[in-house]
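> Once you've had a glance at the structure underneath, I'll fire off some questions.
Number of protein chains: 2
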Amino acid sequence: MLAERLKHYDIILASASPRRKQLLEEMGLRFRVEPKHIDEVFPDDLNPVEAAEFLSRIKADAFTKDDLHDNTLIIASDTVVTLDGEILGKPAGKAEAIEILQQLSGKTHEVITGVTIKALDKQHTFSVTTSVVFKTLSLQEINHYIDTFKPFDKAGAYGIQEWIGHVAIERIDGSYFNVMGLPTHSLYEELLRFA
Amino acid sequence: MLAERLKHYDIILASASPRRKQLLEEMGLRFRVEPKHIDEVFPDDLNPVEAAEFLSRIKADAFTKDDLHDNTLIIASDTVVTLDGEILGKPAGKAEAIEILQQLSGKTHEVITGVTIKALDKQHTFSVTTSVVFKTLSLQEINHYIDTFKPFDKAGAYGIQEWIGHVAIERIDGSYFNVMGLPTHSLYEELLRFA
């Protein structure tokens, strides 16, 4: 059992996302939240999987040796939405959110969450990909969603757990929780191996 | 937009499930909850899809002509869990819950939700199937889950939105919300066609 195995660790979730906090709680873990500000910038030549893993790594590496005790365990992650090999960022405003959702409309995209687990003497990075099939969205539906839910902090301009997730997503292939922000099943397995 | 299209209907969710209530709320619909007691029994010769649809139909048909007004819209559904063509019921107690989860462990099963939409002059039944891949569960994990979450009211003895959904489910193929109890995307489309 994971919670038992990790009981001597001081687990830190390096993320301000309320969804990641919720998911880690639902996994039954005790932890505290301590996001560090980093610029989410990655080298141009990375593919989407490499970018998600890179961003999770720099979030974990914002914790230096001085921040870490013998029993510290950092969990850092980053979620990237990709369509036809291109990464779709977080929308800067309503016009950009409309543009992103129009790109996703009627298509299958991939959501990749990179995760880095870090302790004083070791660290490990992995990622999980989920395919998401969107129905064709009307402009009325897109406008309603953006005006009501204001998805400006979200990669791909949507939250799967919101109205649009019920209305627009025909099916997924992979982990639902990964689309929300944390691949909980894989994280459970990786933490068992790591600890 | 569906909420607009349905605004003259008095929508009744014929289910006591808090999860179905939550999902219908997240779809943005206004409705009231009015479960009727029925015996969840179906003819032996039905396959799992037919059984789920049959059970949703008898839940809807518990509302007779006298219960229905011109503007009444009943939504009734039933979720069935099936492994290798066999339907797994709701566990009668802990021993049966252990047995069911041991059957699901390390295997792929199907979750089928049948839905019946019913108005005074017409009704429509459909169903949606989602594949769910479970990792191999230890007896310790199974015991912990059953003791903590007591999944005795749940077909297949688990709730995907609970701890076990994070820990044990490697992937799904289809609709996540369908496994929770209501295929929200398909229901949205079917209601648009029906109304």
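Listed in order, the protein sequences are those of chains W and U.
Following this note's numbering, the numbering of the first sequence begins with 1 at its first residue and continues without gaps.
Following this note's numbering, the numbering of the second sequence begins with 196 at its first residue and continues without gaps.
All C-beta atoms, glycine included, are put in the ideal place defined by N, C-alpha and C.
Determine the burial state of L334 (chain U): buried for a count of at least 16 other Cβ atoms within 10 Å of its Cβ, exposed for fewer.
Exposed is the call here.
> Enumerate in chain order the residues of its own chain whose CB-to-CB distance from I146 (chain W) is below 7 Å, with the five nearest sequence positions on each side excluded.
Result list for I146 (chain W): K94, A97, I98, in chain order.
> Counting only Cβ pairs nearer than 8 Å, list the residues of chain U close to I169 (chain W).
Residues of chain U passing the Cβ test: S370, H380.
> Beta carbons nearer than 8 Å to chain W: which residues of the region 218-242 of chain U have them?
So the close ones are L218, E221, M222, G223.
> Is there a C-beta anywhere in chain U that falls below 8 Å from the one on Y188 (chain W)?
It does: the Cβ of Y188 (chain W) has a partner Cβ on chain U nearer than 8 Å.
> DSSP three-state call for S322 (chain U): helix, strand or coil?
Correct three-state label for S322 (chain U): strand.
> Evaluate L13 (chain W) with the Cβ neighbour count: other Cβ atoms within 10 Å of its Cβ, from every protein chain shown; 16 or more gives buried, anything less gives exposed.
Buried.
> Can I172 (chain W) and T130 (chain W) be called in contact, C-beta distance under 8 Å?
Yes, the pair counts as a contact, with Cβ atoms nearer than the cut-off.
> Suppose you measure from the CA of E245 (chain U) to the CA of N71 (chain W); what does that come to, to the nearest Å?
One C-alpha to the other measures close to 54 Å.
> Who are the near neighbours of F152 (chain W) in its chain, counting only those whose CB is closer than 6 Å to its CB and skipping five residues on each side?
Excluding residues within five positions, the ones whose Cβ falls inside 6 Å are P91.
> Using a beta-carbon distance below 8 Å, is H166 (chain W) in contact with chain U?
At least one chain U Cβ lies under 8 Å of H166 (chain W).
> Is it right to say D234 (chain U) is buried, meaning 16 or more other beta carbons lie within 10 angstroms of its own, or is it exposed?
Classification of D234 (chain U): exposed, given that the 10 Å Cβ count is below 16.
> Determine which residues of the region 135-147 of chain W have a Cβ less than 9 Å from any Cβ of chain U, and write them out in chain order.
Within the region 135-147 of chain W, the residues whose Cβ lies closer than 9 Å to some Cβ of chain U are K135, S138, Q140, E141, H144, listed in chain order.
> Does I367 (chain U) come within less than 8 Å of chain W when only Cβ atoms are used?
Yes, I367 (chain U) lies at the interface with chain W (some Cβ there is under 8 Å from its Cβ).
> Output the boundary residues of the alpha helix (DSSP H) element that contains H339 (chain U).
Residues 334-344.
> Helix, strand or coil for E235 (chain U), going by three-state DSSP, please let me know.
In the structure shown, E235 (chain U) sits in coil (DSSP, three-state: anything other than H, G, I, E or B).
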